[in-house]
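Protein sequences appear in the order of chains A and B. With my numbering applied, the first sequence corresponds to residues 18 to 408, in that order. With my numbering applied, the second sequence corresponds to residues 18 to 408, in that order. Note that CB positions come from ideal geometry on N, CA and C, so glycine has one too.
There are 2 protein chains.
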Amino acid sequence: MKIEDVDFFYLAMPEILNIGDGSQDTLLVRVRADGLTGWGECEASPLVSIANWVTPMSHSACRSVRDLVTGQTVDSPHDITRLGNRVRAGGLDIAQTDHTFSGLEIALWDLLGKREGLPVYRLLGYDQAFPKMPYASQLFGATSEETFEKAKASREQGYLAVKFGWGNYGTLTPEHDRDQVAAARRGLGDDGILMIDAGTVWGDDVEQAKTRLPALAENNVYWLEEPFVGDALSAYRELADSSDVPIAGGEGACNFHMARHLIDHGKIDFVQIDTGRIGGIGPSNAVADYALACGVTFVNHTFTTHLALSASLAPFAGIEAWSICEFPVEPTRLARELNSGEMARGEDGLVRPSESPGLGVDPNPEAIREFLIDVEIKVAGRTLYSTPGVD
Amino acid sequence: MKIEDVDFFYLAMPEILNIGDGSQDTLLVRVRADGLTGWGECEASPLVSIANWVTPMSHSACRSVRDLVTGQTVDSPHDITRLGNRVRAGGLDIAQTDHTFSGLEIALWDLLGKREGLPVYRLLGYDQAFPKMPYASQLFGATSEETFEKAKASREQGYLAVKFGWGNYGTLTPEHDRDQVAAARRGLGDDGILMIDAGTVWGDDVEQAKTRLPALAENNVYWLEEPFVGDALSAYRELADSSDVPIAGGEGACNFHMARHLIDHGKIDFVQIDTGRIGGIGPSNAVADYALACGVTFVNHTFTTHLALSASLAPFAGIEAWSICEFPVEPTRLARELNSGEMARGEDGLVRPSESPGLGVDPNPEAIREFLIDVEIKVAGRTLYSTPGVD
Numbered sequence: 018m019k020i021e022d023v024d025f026f027y028l029a030m031p032e033i034l035n036i037g038d039g040s041q042d043t044l045l046v047r048v049r050a051d052g053l054t055g056w057g058e059c060e061a062s063p064l065v066s067i068a069n070w071v072t073p074m075s076h077s078a079c080r081s082v083r084d085l086v087t088g089q090t091v092d093s094p095h096d097i098t099r100l101g102n103r104v105r106a107g108g109l110d111i112a113q114t115d116h117t118f119s120g121l122e123i124a125l126w127d128l129l130g131k132r133e134g135l136p137v138y139r140l141l142g143y144d145q146a147f148p149k150m151p152y153a154s155q156l157f158g159a160t161s162e163e164t165f166e167k168a169k170a171s172r173e174q175g176y177l178a179v180k181f182g183w184g185n186y187g188t189l190t191p192e193h194d195r196d197q198v199a200a201a202r203r204g205l206g207d208d209g210i211l212m213i214d215a216g217t218v219w220g221d222d223v224e225q226a227k228t229r230l231p232a233l234a235e236n237n238v239y240w241l242e243e244p245f246v247g248d249a250l251s252a253y254r255e256l257a258d259s260s261d262v263p264i265a266g267g268e269g270a271c272n273f274h275m276a277r278h279l280i281d282h283g284k285i286d287f288v289q290i291d292t293g294r295i296g297g298i299g300p301s302n303a304v305a306d307y308a309l310a311c312g313v314t315f316v317n318h319t320f321t322t323h324l325a326l327s328a329s330l331a332p333f334a335g336i337e338a339w340s341i342c343e344f345p346v347e348p349t350r351l352a353r354e355l356n357s358g359e360m361a362r363g364e365d366g367l368v369r370p371s372e373s374p375g376l377g378v379d380p381n382p383e384a385i386r387e388f389l390i391d392v393e394i395k396v397a398g399r400t401l402y403s404t405p406g407v408d
Numbered sequence: 018m019k020i021e022d023v024d025f026f027y028l029a030m031p032e033i034l035n036i037g038d039g040s041q042d043t044l045l046v047r048v049r050a051d052g053l054t055g056w057g058e059c060e061a062s063p064l065v066s067i068a069n070w071v072t073p074m075s076h077s078a079c080r081s082v083r084d085l086v087t088g089q090t091v092d093s094p095h096d097i098t099r100l101g102n103r104v105r106a107g108g109l110d111i112a113q114t115d116h117t118f119s120g121l122e123i124a125l126w127d128l129l130g131k132r133e134g135l136p137v138y139r140l141l142g143y144d145q146a147f148p149k150m151p152y153a154s155q156l157f158g159a160t161s162e163e164t165f166e167k168a169k170a171s172r173e174q175g176y177l178a179v180k181f182g183w184g185n186y187g188t189l190t191p192e193h194d195r196d197q198v199a200a201a202r203r204g205l206g207d208d209g210i211l212m213i214d215a216g217t218v219w220g221d222d223v224e225q226a227k228t229r230l231p232a233l234a235e236n237n238v239y240w241l242e243e244p245f246v247g248d249a250l251s252a253y254r255e256l257a258d259s260s261d262v263p264i265a266g267g268e269g270a271c272n273f274h275m276a277r278h279l280i281d282h283g284k285i286d287f288v289q290i291d292t293g294r295i296g297g298i299g300p301s302n303a304v305a306d307y308a309l310a311c312g313v314t315f316v317n318h319t320f321t322t323h324l325a326l327s328a329s330l331a332p333f334a335g336i337e338a339w340s341i342c343e344f345p346v347e348p349t350r351l352a353r354e355l356n357s358g359e360m361a362r363g364e365d366g367l368v369r370p371s372e373s374p375g376l377g378v379d380p381n382p383e384a385i386r387e388f389l390i391d392v393e394i395k396v397a398g399r400t401l402y403s404t405p406g407v408d
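This is the structure in structure tokens:
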């Protein structure tokens, strides 16, 4: 299949709030070839990645993703890998490149799966997919009382595992944070699985993180996520060396290497990969292979639509021991209404990677139309990008 | 000084060639406050960084640089550091953020230096600046004969140190590359300092790099630069462990951490920092401090204008032992004509960090007008960016 017909769609809620909810907008990618349509999503600033898609060349290692993929052919998983290497080399000096390519790479796997009549996990070499226990991923309440209610509600909705994050966790006092974590534990019950997401709040300040460890241990937290920015390897390692609380991180990884470094040098226990950011399904799967060899647990990171969720599950679908997955429970209307398919929990409360050809979750044209943001980019009098038609 | 008046200018040569010459375009940043004007340059894809400057918010960690800096005040070096931390936190999920902020950060140092009547190196705490021996940085010739002539010409122009890179080095056979390196050595003479820049050509393939080591050692190469992409820490370490040829790298570092990792885990001997990419002069200076403590040599990376050159020298101006600096000798007409000031070599062949207030190299308005590229970005019917006036 020759890559010729690729479109980027910037979708957003009517109002974007200054909170840690990543489902307020999205950048959707559509690839059409041989009468089939593949879909993917970038976990990225839509306008920056659209500019990265069309930007004029600066030099041989600073070229647009469009320039690097147009006219290339993809007929096998190997071709997708080869294309990724080409894009990373030709787009080396544009930091956004992997963010931008991710959605297209995912759409190519979707397309290839549809052509072969196989779910993506099969294309990755897994013989079967195992169900995962979803953890309900949500923002902390504004007060510990509110967090308690949210945890309780999640349990009542059948979630045994719950993650709270962002809000003002880590920005006030250790006592405040202790109350929040304790409230979450009370709401969830003693047998629930509780994760806490610090959302990089401490930058690379290990001492700040250490003051929170006792409350996390007391409340039997399953993991502390992203105490630091993903690049702060020495901070991760130092905290890991002095903590009994398992540490999770990796969502910020823009390529295989960054995730590997957190394993090699950051000593994390859980590596969390966002397929829409690391360069797609191929690099995510490479991290899964590496994590398996290192005895680190792979978990998906996803906070938007069920298309993104499906793409995030494929890379580790075939490993039975990795039984937990992230599952956004309070996405915006945009993220809820975008997809015609859905990755519903089964009666046993578990989520199953899609068995349909490709990713099994296609966006709904009416929702695309409703949330579509009109963009026009002109350079030297030439229109390099204007929002494409939905049909 | 309150940050209110910031402009980004996209400048480019009339034709951009698909070669490794990074001086074919540039993204200039102007900040005006208190009747003074500061200038900086981003080493970045101009359109992608302009989009990053103006992009609508996606969520609380995915905000435009403009949104994060507007209305902030800068009256001291500490304020610039604080502002950088703010931008990195609020722009965390946009990979391009540090590339984009770099030019603005540099312009703020220039502005602050002009207000204080001090060169930037003084603002960084250095009492004096030491001259540096420039190495003439250029692309390999298309043939080894051409490389020989280029090396010979450089020596005749008074350069004792010369670096060759890119072209097809590393892409053909070890024998081809041996001829190229030997030709460079012959042209330069036995007493010259010869560096070779592989331009990340081997990705993370250590075996490919190893096949080139004997020819590099034979020709007494001062360093082998960027055998791998900057993220391939384990490849760097493995090569360093089996090589007598010193290894250099770091130009791709988008933040302090990435440079530190190459020192800590990549075992490089020279850390090369591009002020226009790592987030500006402050983070570059932090790398210099770290390198000093680790016994690693800091070198500037710069391949464009003398404004970028001046900004790249300040962070290590005060360390006498670090006596070598990169000096582009075949920049495009754009890069040559952009600046009214110039960082000329002295009669002793050495380059001196600017002693003028700020960075001492202001762009020339006529050149800006000549090379200016018209850009317009519209989102949801609103013009977020249009090319500003030069005056």
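Legend entry - Cβ neighbours of I394/B in the same chain (closer than 6 Å, five flanking residues each side left out): On the second sequence, position 377 is the one that residue 394/B refers to. Here the set comprises L401, Y402.
Legend entry - Under 8 Å from the C-beta of I264/A: neighbouring residues of chain B: For the purposes of this step, residue 264/A is identified with residue 247 of the first sequence, where counting begins at 1. Near I264/A there are no residues of chain B at all, since even the closest Cβ is about 17 Å away, more than 8 Å.
Legend entry - Under the three-state DSSP convention, the category P332/B falls into: For this step, residue 332/B is matched to residue 315 along the second sequence. The answer is helix: DSSP assigns P332/B an H, G or I state.
Inset, instruction - Let me know if E243/B comes out buried or exposed under the rule of 16 or more other beta-carbons within 10 Å of its beta-carbon. - result: In the second sequence, the residue the question calls residue 243/B occupies position 226. The residue in question, E243/B, is buried, as its Cβ has 16 or more Cβ neighbours within 10 Å.
Inset, instruction - Under 8 Å by Cβ, that's how I've got A410/A and D96/A pegged, so tell me the actual separation to the nearest angstrom. - result: Limits of chain A in this structure are 18 at one end and 408 at the other, which puts residue 410/A out of reach.
Inset, instruction - Please confirm if D365/A has its CB atom under 8 Å from at least one CB of chain B. - result: As a first step, residue 365/A must be located in the first sequence, where it is residue number 348. For D365/A, the answer is no, since every Cβ of chain B falls outside 8 Å of its Cβ.
Inset, instruction - Just list the beta strand (DSSP E) runs in the stretch 191-229 of chain A, keeping only unbroken ones of 3 residues or longer that don't cross its boundaries, in chain order. - result: 210-214
Legend entry - Length of the line joining the Cα atoms of V218/A and A352/A: What you label residue 218/A is simply residue 201 of the first sequence in a count that begins at 1. What you label residue 352/A is simply residue 335 of the first sequence in a count that begins at 1. Near 25 Å, if we compare the C-alpha coordinates of A352/A and V218/A.
Inset, instruction - Output yes if chain B places a C-beta closer than 8 Å to the C-beta of Q41/A; else output no. - result: Position 24 of the first sequence, counted from the first residue, corresponds to residue 41/A. Chain B has a Cβ within less than 8 Å of the Cβ of Q41/A.
Inset, instruction - Give the range of the alpha helix (DSSP H) segment to which N302/B is assigned. - result: Stepping through the second sequence from its first residue, residue 302/B is reached at position 285. Counting along the chain, the alpha helix (DSSP H) containing N302/B begins and ends at 298-311.
Legend entry - Contact check, E162/B vs A200/B, beta carbons under 8 Å: On the second sequence, residue 162/B is found 145 positions in, with the first residue counted as 1. On the second sequence, residue 200/B is found 183 positions in, with the first residue counted as 1. Contact: yes.
Legend entry - Straight-line Cα distance separating Q225/B from I123/B: Translated into the one-based positions of the second sequence, residue 123/B becomes position 106. Translated into the one-based positions of the second sequence, residue 225/B becomes position 208. If you take the alpha carbons of I123/B and Q225/B, they lie about 38 Å apart.
Legend entry - Inter-stretch contact (C-beta, 8 Å, three-pair minimum) for the stretch 376-390 of chain B and the stretch 346-361 of chain B: yes
Legend entry - Opposing strand residues paired with W240/B [DSSP bridges]: Taking the second sequence and counting its residues from 1, the one referred to as residue 240/B is at position 223. BP columns for W240/B point to M212/B.
Inset, instruction - Look at the alpha carbon of H318/B and the alpha carbon of N272/B, and state the distance between them as a whole number of angstroms. - result: Within the second sequence, residue 318/B is the residue found at index 301, counting from 1. Within the second sequence, residue 272/B is the residue found at index 255, counting from 1. In this model, H318/B and N272/B are separated by some 14 Å (Cα to Cα).
Inset, instruction - State the Cα-Cα distance for the pair V396/A and T72/B, rounded to the nearest angstrom. - result: Residue mapping note: residue 396/A aligns to position 379 of the first sequence, counting from 1. Residue mapping note: residue 72/B aligns to position 55 of the second sequence, counting from 1. Between V396/A and T72/B, the C-alpha separation is close to 17 Å.
Inset, instruction - Determine, using beta carbons only, whether Q289/B comes closer than 8 Å to chain A. - result: Here residue 289/B corresponds to residue number 272 of the second sequence, with the count starting at 1. Not closer than 8 Å to any Cβ of chain A, the Cβ of Q289/B fails to qualify, so no.
Inset, instruction - Give the interface partners of I210/A over in chain B, defined as CB-CB distance under 7 Å, in chain order. - result: Here the question's residue 210/A lines up with position 193 in the first sequence. Near I210/A there are no residues of chain B at all, since even the closest Cβ is about 25 Å away, more than 7 Å.
Inset, instruction - Look at the Cβ atom of A29/B, then the Cβ atom of F388/B, and state whether they are nearer than 8 Å. - result: On the second sequence, residue 29/B is found 12 positions in, with the first residue counted as 1. On the second sequence, residue 388/B is found 371 positions in, with the first residue counted as 1. Yes, they are a contact pair.
Inset, instruction - Could you list which residues in chain A have their beta carbon closer than 8 Å to that of D391/B, in chain order? - result: Taking the second sequence and counting its residues from 1, the one referred to as residue 391/B is at position 374. K395, V396, A397, G398, listed in chain order.
Inset, instruction - Flag this pair as touching only if the stretch 263-278 of chain B and the stretch 239-253 of chain A have three or more C-beta atom pairs under 8 Å; answer yes or no. - result: yes
Inset, instruction - Could you tell me which residues DSSP puts in a beta bridge with R399/A? - result: Counting from one through the first sequence, the residue named residue 399/A turns up at place 382. DSSP lists V396/A as partners of R399/A.
Legend entry - Span separating the alpha-carbon of D115/B from that of I295/B: Taking the second sequence and counting its residues from 1, one reaches residue 115/B at position 98. Taking the second sequence and counting its residues from 1, one reaches residue 295/B at position 278. Roughly 6 Å between the two C-alpha positions.
Legend entry - C311/B, buried or exposed, once every other Cβ within 10 Å from all chains shown has been counted against 16: For the purposes of this step, residue 311/B is identified with residue 294 of the second sequence, where counting begins at 1. Answer is exposed; the Cβ neighbour count stays below 16.
Legend entry - Of the residues F25/B, A384/B, S260/B, the one placed nearest L233/B, counting alpha carbons only: On the second sequence, residue 233/B is found 216 positions in, with the first residue counted as 1. For the residues F25/B, A384/B, S260/B, the minimum Cα distance to L233/B belongs to S260/B.
Inset, instruction - Could you check how far apart the C-beta atoms of A61/A and T117/A are, in whole angstroms? I think they sit under 8 Å. - result: Here residue 61/A refers to the residue found at position 44 of the first sequence. Here residue 117/A refers to the residue found at position 100 of the first sequence. So it is a contact: roughly 6 Å between Cβ atoms.
Inset, instruction - Return the Cβ separation of V86/A and V65/A in integer angstroms, given the expectation that the two are a contact with Cβ distance under 8 Å. - result: Here the question's residue 86/A lines up with position 69 in the first sequence. Here the question's residue 65/A lines up with position 48 in the first sequence. Actually they do not touch by this definition, with Cβ atoms about 18 Å apart.
Inset, instruction - State the Cα-Cα distance for the pair L189/B and G107/A, rounded to the nearest angstrom. - result: Here residue 189/B is taken as the residue at index 172 of the second sequence, counted from 1. Here residue 107/A is taken as the residue at index 90 of the first sequence, counted from 1. Looking at the two C-alpha atoms, the distance is approximately 18 Å.
Legend entry - Within chain A, the residues that N272/B reaches when beta carbons sit closer than 9 Å: As a first step, residue 272/B is located in the second sequence; it is residue number 255 there, counting from the start. Simply V246, D248.
Inset, instruction - Consider the Cβ of T72/B: report whether some Cβ of chain A lies at a distance smaller than 8 Å. - result: Numbered from its first residue, the second sequence carries residue 72/B at position 55. Closer than 8 Å: yes.
Legend entry - Near-chain B residues of the stretch 74-96 of chain A - C-beta to any C-beta below 9 Å: Cβ contacts with chain B come from M74, S75, H76, S77, A78, C79, R80, S81.
Inset, instruction - Please specify which runs of the alpha helix (DSSP H), each continuous and at least 4 residues long, are wholly inside the stretch 122-204 of chain A, giving them in chain order. - result: Taking 4 residues as the minimum length, the alpha helix (DSSP H) runs contained wholly in the stretch 122-204 of chain A are 137-140, 161-173, in order along the chain.
Inset, instruction - Assign D42/A to one of three DSSP states: helix, strand, or coil. - result: One-based indexing of the first sequence puts residue 42/A at position 25. Looking at D42/A - three-state DSSP - the assignment turns out to be strand.
Inset, instruction - Ignore the nearest five residues each way along the sequence and tell me which others in F404/B's own chain have a CB closer than 8 Å to its CB. - result: Reading the second sequence from its first residue, position 387 is the one you call residue 404/B. The sequence given here has Thr at residue 404/B, not Phe. Only F26, Y27, L389, I390, D391, V392, E393 meet the Cβ criterion.
Legend entry - Cβ of D38/A within 8 Å of any chain B Cβ: For the purposes of this step, residue 38/A is taken as residue 21 along the first sequence, with counting starting at 1. Cβ-Cβ to chain B under 8 Å: yes for D38/A.
Inset, instruction - Pair every Cβ in the stretch 164-179 of chain B with every Cβ in the stretch 367-377 of chain B, then say whether three or more of these pairs are closer than 8 Å. - result: no
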